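Only one structure is covered here, and it is reproduced in the block below.
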Amino acid sequence: MAGDAAIESLRSALALSPDNLPLHRLLADSLLGLGRAEEAEQEYRRALARWADDRDLKLGLATAFEQQDKASHAQVVLDE
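Quick note: to get the numbering used here, add 107 to the position in the sequence shown (first position is 1).
Structural data, given as structure tokens:
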């Protein structure tokens, strides 16, 4: 599947450039777009551990929570 190949390419790129915020964001956003909300949540959390003030990452994490029917978790993230 093309989506899986793209995800693997992004993961390979991150292995070479682990401090690349745009790549982390792109991977998480791509996972979310593919309906892989649990994996997206993990990637958003990983990125937020390093870039805690990034509003786009927080919004993405909240969206991942919403897709998993975790509205209360999403609200906590947005209130931070």
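Using N, Cα and C, we set each Cβ at its ideal position, and we do this for glycine too.
This one's a predicted model, so the numbers in the text were calculated from it and none came from an experiment.
Under the 8 Å Cβ criterion, the segment 139-147 does not count as touching the segment 118-131, having fewer than three qualifying pairs. Pairing Val-183 with Pro-129, the inter-Cα distance amounts to about 24 Å.
Here Ala-178 is exposed. Its C-beta has fewer than 16 other C-beta atoms within 10 Å. For Asp-136, the uninterrupted alpha helix (DSSP H) run begins and ends at 128-140, by DSSP. Between Glu-150 and Leu-138, the C-beta spacing is below 8 Å. Put simply, the backbone Cα of Gly-110 is about 11 Å away from that of Leu-134.
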